[in-house]
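Everything on this sheet refers to the single structure shown next.
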């Protein structure tokens with residue numbers, strides 16, 4: 008199975024594309040830019056959703072659902088918002104097809120919409136138009152709502168999971184009585200995302216703020232978490248926006264405060280998407296296939312029988328079922344692969360490709376000796392252990408692997424975060440080693456843009472709790488009070 | 008709160024509309040025909056999803072995700088399918104907006120799609136186009152996939168939950184090697200739906216098959232479950248379709264059998280939607296508000312404090328927290344309403360309106376006596392019981408209520424299912440009492456259509472395991488071998 012997987016060294020991008028397809032995660036559909044998420048890939052998304060949804064609810068949020076379509080006029084109400092999204096919008100103009108009389112199905116021009124509808128690229132506008140009806144007084148606040156939904160952004164160059172015309176995500180939209188509360192919410196949700204990335208995805212992230220240039224269209228402040236992929240490119244893994252009163256003003260959403268004053272409502276929005284599946288793949292996987300952190304793996308343990316006779320097969324199957332039952336009682340997902348048309352070596356390669364964390368192999372000699380061969384996917388270490396205590400061993404191993412995968416990614420990031428003090432040094436690092444580059448910048452959009460044009464590197468973020476340090480901009484020599492984090496990015 | 012809710016007797020339709028809005032279930036959005044599902048309504052959908060998803064997985068299905076958009080040409084490949092859906096399709100024709108130079112945002116005519124995209128009204132076509140790449144041999148079968156998604160059908164007259172332009176649903180799409188297997192799957196999933204309707208929604212259903220007229224566009228056979236609402240109108244609560252080889256032929260999906268023969272694949276599809284929330288509301292609720300079966304209620308128990316002093320309030324709150332903790336340990340969802348700006352009577356009415364199954368009220372005297380007042384929503388019975396054993400009492404009560412709500416609905420259906428032996432009798436029943444009417448019919452589409460035109464009643468289904476009975480069609484007098492079930496329907 009893993010034969011034919013291009014190595015990361017040879018062509019990282021090709022490796023990724025092949026891996027996503029061969030591991031049955033997703034594939035391109037017949038619709039330009041839209042993907043099909045296959046059952047194995049979707050199972051990872053379901054695990055991500057379950058963990059995130061619990062975190063959202065534990066922080067007081069409820070789910071709701073808002074329309075897929077947004078009237079063009081709503082969409083245009085917040086100036087910078089429409090500016091940011093207008094060039095990538097799918098537009099619905101008609102609501103009926105008809106037979107043209109010659110047997111062809113055509114769009115019925117008599118069924119043209121009076122006002123075009125935009126397929127939501129994000130839902131601030133339709134949601135704030137709705138909130139207008141929900142909010143009169145401070146007693147109606149805060150509103151803490153999240154939506155799990157599909158969104159469409161008409162991307163010209165697409166890649167499975169990383170950039171697709173349609174993707175799945177969640178978008179939180181909250182409304183508050185004060186600026187302070189809204190900022191706290193923005194920061195709280197950033198921390199939820201960071202917690203999820205690090206403790207579920209095993210991907211260490213830098214928490215930071217975007218520069219004005221890179222802000223969400225309509226936000227006063229965009230917070231983000233940034234992760235580093237194995238090719239040294241950064242990936243934005245989640246964003247949390249402080250929207251100020253921009254959308255409340257655009258949709259005239261006011262409330263009466265405790266003191267009886269009328270004011271516009273304060274807003275946040277925050278989201279993560281199926282893009283995280285791309286990050287998960289690129290952060291940990293190797294030339295044999297996926298490496299999945301146990302907490303998000305659809306199958307945590309696979310059992311492969313190795314037998315020379317039907318009788319041996321029956322005995323192994325009996326043992327495998329016994330083990331499966333014990334594992335399930337511990338909430339460990341397990342699959343017994345009893346297909347008789349495939350050889351064990353083929354199955355081993357398949358589960359390596361699919362990143363199943365723990366593989367058990369049981370042969371005739373194991374039956375005699377009361378042993379099991381156990382292999383861990385991340386390090387590929389194998390050992391033969393006693394059947395007794397197997398379940399406890401696996402429980403410990405899954406916890407250890409989750410931590411070990413995180414540690415490896417953290418070490419990689421540390422090894423690939425460098426300081427540059429001159430623009431030459433900066434460019435040399437990017438070209439030779441990539442990774443995060445920490446450098447002084449004069450704080451202007453002009454310089455930021457020049458760096459991007461000349462090096463393809465962008466400011467990923469101004470890290471939170473950044474150390475203040477006097478310096479000069481590596482490009483203009485103007486004074487700077489802190490380093491910011493650059494990288495080439497997905 | 009419940010003041011102003013029109014009674015069912017006065018205007019059932021108005022009662023429903025008001026109830027959905029006042030109970031914070033859903034509201035109309037600014038987009039024609041599209042609803043906003045509010046947190047309380049969405050929480051019921053989440054409970055429905057969780058139960059159904061587990062049933063789908065227990066019967067071997069996995070979830071996946073397919074594109075929102077369907078190329079017009081795919082959509083047209085199955086003749087009766089496009090015929091069935093063409094008149095209600097949202098069509099995407101452009102992928103970009105632009106500023107017209109005068110500050111107006113307009114559709115960019117330079118960004119016209121070569122081929123229009125249909126927003127999925129159902130996904131058979133895009134899925135079978137995908138399955139073509141997944142299926143070569145019998146070893147690739149069966150494929151048992153489900154999708155949770157939004158779909159759009161451009162309805163002209165819409166009602167919250169019951170008929171909306173966009174709705175949420177699940178659609179199962181399975182592929183099989185034999186006709187027999189596909190029929191078994193169709194029937195299995197109908198049984199899953201019936202099980203869910205009866206044991207979770209507490210709504211008794213008739214399992215049956217649709218007549219040719221009422222079949223899904225592209226199906227050889229449509230199975231359905233039919234429920235009866237309190238106004239005597241029927242509601243189709245779920246459908247399961249045996250699609251034969253229609254979609255496999257339209258998309259050229261063939262497989263090599265064990266015997267080495269090439270054949271088209273056999274298909275099923277099945278779905279239920281947010282319409283079920285409408286059915287849930289209409290089946291059980293009363294003039295005071297929602298009546299929710301405990302298994303699907305977002306809040307199963309609410310605790311309301313009744314106090315005359317801060318000191319009393321503190322003591323009641325302590326007890327309420329203790330009880331809440333005990334209930335949560337039993338997986339019973341509970342809310343302690345400690346809002347100090349509202350009177351108990353107001354809260355009582357609010358939770359009646361929202362259909363919270365069990366209400367506990369704790370007052371000063373209860374503290375002294377070690378008692379609690381407990382009220383059940385369905386019958387509105389109240390009693391004062393001892394604090395000791397409260398949790399066990401509530402556990403039993405929730406089970407009893409679930410059953411009791413079902414029994415009431417079943418009795419209603421039995422009381423409102425009648426036989427008609429002449430067309431006059433048939434029309435009289437419909438006009439005077441409505442409900443299900445069991446009658447003989449000659450089996451032709453012409454007669455079916457005439458009955459519909461003249462009485463607005465449709466054949467809801469030919470019940471499964473129907474009793475054979477010689478008779479004559481009530482309209483044409485032609486021979487008939489069984490009665491079928493008629494009703495006016497949502």
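Protein chains in written order, with the numbering used here: chain A, 8 to 497; chain B, 8 to 497.
Ideal Cβ positions, reconstructed from N, Cα and C, are used throughout, including at glycine.
Every value quoted in this text rests on a predicted model; they were computed, and no experiment measured them.
Let's test the definition: count the other Cβ atoms within 10 Å of the Cβ of residue 368 (chain A) and tell me whether it reaches 16, buried, or not, exposed.
Looking at its Cβ environment, which holds 16 or more other Cβ atoms inside 10 Å, residue 368 (chain A) is buried.
Check whether the Cβ of residue 499 (chain B) lies closer than 9 Å to any Cβ atom in chain A.
The requested residue 499 (chain B) is not part of the displayed model; chain B covers only 8 to 497.
Between the Cα of residue 246 (chain B) and those of B:427, B:217, B:463 and B:139, spot the shortest distance and give me the residue it belongs to.
Minimum Cα distance to residue 246 (chain B) is reached at B:217.
Helix, strand or coil for residue 196 (chain A), going by three-state DSSP, please let me know.
Residue 196 (chain A) falls in the helix class under three-state DSSP.
Apply the 10 Å Cβ neighbour rule to residue 84 (chain B) and answer buried if 16 or more other Cβ atoms are within range, or exposed otherwise.
Flag for residue 84 (chain B) reads buried.
Taking three-plus beta-carbon pairs below 8 Å as touching, is the segment 425-437 of chain A in contact with the segment 466-474 of chain A?
Contact between the segment 425-437 of chain A and the segment 466-474 of chain A is absent, because fewer than three Cβ pairs lie under 8 Å.
Residue 44 (chain B) versus chain A: which residues are under 7 Å apart at the beta carbon?
Result: 71 and 72.
Tell me the residue span of the beta strand (DSSP E) that contains residue 57 (chain A).
Where residue 57 (chain A) is concerned, there is no enclosing beta strand (DSSP E), although the alpha helix (DSSP H) it sits in stretches over 46-65.
Restricting to runs no shorter than 3 residues, where is the beta strand (DSSP E) found entirely within the segment 174-245 of chain A?
Listed in chain order, the complete beta strand (DSSP E) runs (minimum 3 residues) inside the segment 174-245 of chain A are 213-216 and 228-235.
If we cut at 9 Å on Cβ distances, does residue 38 (chain B) have a partner in chain A?
It does: the Cβ of residue 38 (chain B) has a partner Cβ on chain A nearer than 9 Å.
Out of curiosity, what's the CA-to-CA distance linking residue 311 (chain B) and residue 352 (chain B)?
Computed Cα separation, rounded: 10 Å.
What is the C-beta distance between residue 76 (chain A) and residue 41 (chain B), in whole angstroms, given that I count them as a contact (C-beta under 8 Å)?
Right, their Cβ atoms sit about 6 Å apart.
Between residue 423 (chain B) and chain A, is the shortest Cβ-Cβ distance under 9 Å, so that the two count as touching?
False, the Cβ-Cβ gap to chain A never drops below 9 Å.
What number of angstroms, rounded off, separates the C-alpha of residue 483 (chain B) from the C-alpha of residue 428 (chain B)?
C-alpha separation (whole angstroms): 12 Å.
According to the neighbour-count rule (16 or more other Cβ atoms, all chains shown, within 10 Å of its Cβ), is residue 281 (chain B) buried or exposed?
Residue 281 (chain B) comes out buried.
So that I know if they touch, is there some Cβ in chain A lying closer than 9 Å to that of residue 26 (chain B)?
No, because no Cβ of chain A sits closer than 9 Å to the Cβ of residue 26 (chain B).
Give, in chain order, every residue of the segment 172-187 of chain B whose Cβ lies closer than 9 Å to some Cβ of chain A.
Cβ contacts with chain A come from 172, 173 and 175.
Can you tell me which of the three DSSP states residue 409 (chain A) falls into?
Of the three classes helix, strand and coil, the one that applies to residue 409 (chain A) here is helix, per DSSP.
Got a sec: is the Cβ-Cβ distance from residue 52 (chain A) to anything in chain B below 9 Å?
At least one chain B Cβ lies under 9 Å of residue 52 (chain A).
Between which two residues does the alpha helix (DSSP H) carrying residue 433 (chain A) extend?
That run of the alpha helix (DSSP H) goes 430-439.
Put residue 443 (chain A) into one of helix, strand or coil per three-state DSSP.
Strand.
Against chain A, which members of the segment 79-103 of chain B pass a CB distance test of less than 8 Å?
Cβ contacts with chain A: 79, 81, 82, 83, 89, 93, 94, 95, 96, 97, 98, 99, 100, 101, 102 and 103.
Go ahead and pull the three-state DSSP assignment for residue 18 (chain A).
It is coil, neither helix nor strand.
Quick check: the segment 262-277 of chain A against the segment 194-203 of chain A, are at least 3 beta-carbon pairs closer than 8 Å?
Yes: the two stretches touch, three or more of their Cβ pairs being nearer than 8 Å.
Using only CA atoms, which one of A:94, A:254 and A:389 lies nearest to residue 139 (chain A)?
Nearest of A:94, A:254 and A:389 to residue 139 (chain A), Cα basis: A:254.
Say whether the segment 50-60 of chain B touches the segment 92-102 of chain B, bearing in mind that this needs 3 or more beta-carbon pairs closer than 8 Å, one atom from each stretch.
The segment 50-60 of chain B vs the segment 92-102 of chain B: no contact.
Note down the Cα distance separating residue 332 (chain B) from residue 320 (chain B), rounded to an integer number of angstroms.
Computed Cα separation, rounded: 18 Å.
If you follow the beta strand (DSSP E) that residue 343 (chain A) is in, where does it begin and where does it stop?
Residues 341-343.
Name the residue from A:315, A:266 and A:212 whose alpha carbon lies nearest to the alpha carbon of residue 283 (chain A).
Checked all of A:315, A:266 and A:212; the closest Cα to residue 283 (chain A) is A:212.
Buried or exposed, going by whether 16 or more other CB atoms sit within 10 Å of the CB of residue 70 (chain B)?
Buried, since its Cβ has 16 or more Cβ neighbours within 10 Å.
Can at least three beta-carbon pairs, one atom from the segment 357-368 of chain A and one from the segment 376-391 of chain A, be found at a separation below 8 Å?
With the cut-off at 8 Å, the segment 357-368 of chain A and the segment 376-391 of chain A touch.
Taking residue 133 (chain A) as the query, report the chain B residues whose CB atoms sit under 8 Å from its CB, ordered along the chain.
Under the 8 Å cutoff, chain B gives 36, 37 and 38.
Take residue 25 (chain B) and list the residues in its own chain whose beta-carbon comes closer than 8 Å to its own, dropping the five residues that flank it on each side.
These residues qualify, in order along the chain: 11, 12 and 13.
Who are the neighbours of residue 112 (chain A) on chain B, taking C-beta pairs under 7 Å?
Within chain B, the residues near residue 112 (chain A) are 79, 83, 89 and 93.
Which residues mark the beginning and the end of the beta strand (DSSP E) in which residue 276 (chain A) is found?
From DSSP, the beta strand (DSSP E) with residue 276 (chain A) extends over 273-280.
Return the CA-CA distance between residue 416 (chain B) and residue 454 (chain B), expressed in angstroms with no decimal places.
If you take the alpha carbons of residue 416 (chain B) and residue 454 (chain B), they lie about 31 Å apart.
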